[in-house]
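Undergrad: In my numbering, the protein residues as written are -6 to 822. Backbone N, C-alpha and C define an ideal beta-carbon position, used for all residues, glycine too. Just so it is clear, the structure is predicted and the values come from calculations on it, not from any experiment. Would you mind keeping the following structure in view while I ask a few things?
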């Protein structure tokens, strides 16, 4: 825009205020103090600032800074820790769910996610899942309906999209608090939901459990939802369903679960932000509109005013998110600067956007989208100049010295227009990537070195796709036939975008990192900024290189190198219905004892891999699988495909004879990856290192035991390490337990027992536990009925009884020849 040159060197007084506000919000979350105390301090220091403003200007500025910090802390503490009176969370029983009927108003557009079995290793075919947010108004109690408040995450088995956003509904289902992580390294749903203002979830068994009580509301809110519905319906008309979903994600911010594979491809290539609305998308729309208006000879002020109106209408038609609102506030500031004929400072506008968003919702500061959006723009402001000088400085300096003749038009265009355009495009991509790489590593655990190249390759395709979508959306209001005709072009562009992203995701290296702590991300960011501005900091090139290499060395040593063990660590992970146990031997080797789940769609990615990354353990060298049931091995195929597995250990009868079944598929992967398949029978031993051995107690190799079913034929293993014994009995039931008791009960003695068959009660279980005589009893299963839990606790009297469903992952550490138990729910990680 002609009148609003960005004066980066101009004063930006809002930047210190924004940084102080952010520091206060962080203090309000982590410093244990009530919000009222913070706000009282803010009021006092604000009054002191007013008094001192004229008498002692310096002291007045200090008091004002303190007031901003304390106000931010008060707002952050209230937003993060305070739960309003009458919140629905107060009606949820601690640690379990309860049947309830909740009445409220639908806040977001219902999304239906088809969750079919992606592979033959899915334990069961899951129905479609519909999810949306609900603003609660009342809840059923024994005393009748009670008024309540709070956002609820609604999950419905089946297609429940027949309700619309803004509608009042009544839902019968199971009400519970949003659960947190129960395993090391696992994504914390409770923390993520808390950032979204959600404390409670409601699960309904079928769409019939939802009753619509009223149509969508009238008035302005009805107009808003109608506008969004029309936009969603008309966008992508004439295109294939997949193309329409991609257009909806790019233009309106609707990102259904069916785009998961495309999203993962973009994550691997470092351009995941392309698939969600951001300031870049908004800039393309508004820049295109402003260019068209100026080409139509509209004045800068009129063009800026029309763009401002278009911005408001577009924000109403899409789902607002922090990156979009940041871009919208900055765009509005630029438009107002043009209208008023005043210069605009981009850095000051960025700070103003941060202040507005954080005052409206302090929790925004802890959302990855907010952080990445602001850090990327700030990085462009700080790093664009140094990056341009580093990559193109010699050619840009030469361009100003070249004299061209009249006939050298193409050459002159290149040096005067083309080269600066390329330098700016590459500089912006590299600067944004450098600034955001530490945050991406912190939040998502990946490093994508080719992200700037992927951005440059995909940006023209995405721009063409966005322009087509915008034209189709606007044209649908007056030229329906033309809009439908653009569906084929939109379909071709979205297909090209998806194919290109998929190929870049395959070709470009995506380095998965072990967990990067916040201090490490901050250290990396500081090192990059310091190296980029070494001249201002009076650093030589050598010292800048030393600083960067030192920071990289510290990061690798602190976050990526294997943790050296001191003793054996055995962990039973919480996989609900299933069993997944991980051993780290004293020599540092990782070994699996069963690895599967019926409850989780991908137990390797959801539980096992995050645990190994969090603890910085190496990939497993072997996996012992007790028997051919999916809930004991369906995490292995993904492990074998991604990391490989040197040794698979089973019993002789593991192959179930079905050539098209999941067992055959697993064994095919084993042979394809040259994994050694070793078979055990009673009496055989495997030495894992000089202090750890595994002894097979069951099943015998004799042919007479071929008639045992899969459970009773499970491998029963005894793990011996530094004088501590673990008994791992698989899924043996009454017959298998009784046969073991008859053979040699003394061999069953152990310090730690994982209950057979996930703790299922059998007539022989009491005698079996008595023969083992463990000090620690572990149950790996989903939550059980109160009666079943009491029976198991009776069997485990005078012993330490822990259950993964209640205690999370259970870890047993061998210390001085005795087992020391810790649980994730109590001790964390």
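1) For residue 521, collect the residues of the same chain with a Cβ closer than 6 Å to its Cβ; drop the 5 residues on either side in sequence, then sort them by chain order.
2) Excluding the five sequence neighbours on either side, which residues of its own chain have a C-beta within less than 6 Å of the C-beta of residue 109, listed in chain order?
3) Going by other Cβ atoms of all chains shown within 10 Å of its Cβ, with 16 needed for buried, is residue 189 buried or exposed?
4) Could you pull the DSSP bridge partners for residue 439 from this structure?
5) Note down, in chain order, each residue of its chain lying with its Cβ closer than 8 Å to the Cβ of residue 560, except the 5 sequence neighbours on either side.
6) In the DSSP output, which residue or residues are listed as bridge partners for residue 720?
7) Where do the ends of the beta strand (DSSP E) carrying residue 610 lie?
8) How long is the line joining the alpha carbons of residue 169 and residue 152, rounded to whole angstroms?
9) I want to check one thing, is the minimum distance from the CB of residue 178 to the heavy atoms of the ligand FMN below 7 Å?
10) Nearest-angstrom Cα distance between residue 823 and residue 455?
11) Considering only C-alpha positions, which residue in the set 735, 698, 682, 704 is nearest to residue 713?
12) On the DSSP bridge list, what partners appear for residue 691?
13) Do residue 165 and residue 197 have their CB atoms nearer than 8 Å?
14) Using C-beta distances below 8 Å, list every residue in its chain close to residue 10, excluding the 5 sequence neighbours before and after it, in chain order.
15) Kindly confirm or deny that the segment 88 to 101 and the segment 153 to 161 touch, where touching means at least three C-beta pairs closer than 8 Å.
16) Would you call the segment 16 to 36 and the segment 318 to 338 in contact, with 3 or more CB pairs under 8 Å?
17) Which of the three DSSP states, helix, strand or coil, is assigned to residue 831?
18) Grab me the residues of residue 286's own chain with a C-beta within less than 8 Å of its C-beta, minus the 5 sequence neighbours each way, in chain order.
19) Give the C-beta separation of residue 586 and residue 721 to the nearest angstrom, bearing in mind that I take them to be a contact with Cβ-Cβ under 8 Å.
20) Kindly list the residues whose CB is nearer than 7 Å to the CB of residue 92, restricted to its own chain and excluding five residues on each side of it in sequence; keep chain order.
21) Starting from the Cα of residue 103, find the closest Cα among 12, 766, 200 and give me that residue.
22) For residue 38, which residues of its own chain have a beta-carbon under 7 Å away from its beta-carbon, when the five flanking residues on both sides are left out?
23) Is the CB-CB distance between residue 278 and residue 463 below 8 Å?
24) Within its chain, find whatever has a CB closer than 7 Å to the CB of residue 674; leave out the 5 residues flanking it on each side and keep chain order.
25) Measuring only the C-alpha atoms, how far is residue 811 from residue 576?
26) Specify the secondary structure class of residue 794 as computed by DSSP and reduced to three states.
27) Contact check, residue 243 vs residue 459 under 8 Å by CB: the rounded distance?
28) By Cβ distance below 6 Å, which residues in the same chain neighbour residue 491 in space, the five residues on each side in sequence not counted?
29) Do you know offhand how far residue 40's Cα is from residue 509's?
30) Is DSSP giving residue 49 helix, strand or coil here?
31) What are the residues that DSSP puts in a beta bridge with residue 150?
32) Using a threshold of 8 Å, state whether the C-beta atoms of residue 619 and residue 708 are closer than that.
33) Can you pull the DSSP bridge partners for residue 871?
34) When you compare only the Cα positions, how much space is there between residue 206 and residue 133?
35) Between which two residues does the beta strand (DSSP E) containing residue 98 stretch?
36) Report yes if the CB atom of residue 194 is closer than 8 Å to the CB atom of residue 145, and no otherwise.
TA: Considering the structure as presented:
1) Counting only Cβ-Cβ distances below 6 Å, and skipping sequence neighbours, we find 427.
2) Any reading at residue 109 needs caution, since the residue's pLDDT is 47, under 50, leaving its predicted position unreliable; the model's value is listed next. Nothing listed; no residue qualifies.
3) Flag for residue 189 reads exposed.
4) Beta-bridge pairing links residue 439 to 505.
5) Correct list, in chain order: 579, 715, 806, 807, 808.
6) Answer by DSSP bridge pairing, in chain order: 711, 746.
7) Going by DSSP, residue 610 is part of no beta strand (DSSP E) at all; its letter is neither H nor E.
8) Cα to Cα, the separation comes out at about 22 Å.
9) As presented, the structure is devoid of all ligands, the ligand FMN included, so that no description of it is given.
10) Residue 823 lies beyond the range of the chain shown here (-6 to 822); nothing can be said about it.
11) The residue among 735, 698, 682, 704 with its C-alpha nearest the C-alpha of residue 713 is 682.
12) Looking at the DSSP output, residue 691 shares a beta bridge with 709.
13) Yes, Cβ-Cβ distance for residue 165 and residue 197 is below 8 Å.
14) Same-chain partners within the cutoff: 61, 344, 348.
15) These segments touch.
16) In short, these stretches do not touch, since the Cβ pair count stays below three.
17) Nothing about residue 831 can be reported from this structure: the residues present for the chain run from -6 to 822 only.
18) Cβ neighbours of residue 286 within its own chain (closer than 8 Å, five residues either side excluded): 295, 296, 299, 300.
19) Contact flag correct, Cβ pair sits at about 5 Å.
20) Once the five neighbours on either side are set aside, the close Cβ partners of residue 92 are 167.
21) For the options 12, 766, 200, the alpha carbon positioned closest to that of residue 103 is the one of 200.
22) Around residue 38: 56, 59, 60, 63.
23) Result yes, Cβ atoms of residue 278 and residue 463 sit closer than 8 Å.
24) The beta carbon of residue 674 lies closer than 7 Å to those of 644, 645, 689, 692, 693, 694 in the same chain, with the five residues before and after it left out.
25) Straight-line Cα distance between these residues: approximately 16 Å.
26) Correct three-state label for residue 794: strand.
27) Sure, about 6 Å apart at Cβ, within 8 Å.
28) Correct list, in chain order: 255.
29) If you take the alpha carbons of residue 40 and residue 509, they lie about 42 Å apart.
30) Residue 49 falls in the coil class under three-state DSSP.
31) Residue 150 pairs with 122.
32) With respect to the 8 Å criterion, residue 619 and residue 708 are classified as neighbours on the basis of their beta carbons.
33) As shown, the chain starts at -6 and ends at 822. That puts residue 871 outside it, with no answer to give.
34) Those two C-alpha atoms are separated by around 16 Å.
35) Counting along the chain, residue 98 sits inside the beta strand (DSSP E) bounded by residues 91 to 99.
36) Result yes, Cβ atoms of residue 194 and residue 145 sit closer than 8 Å.
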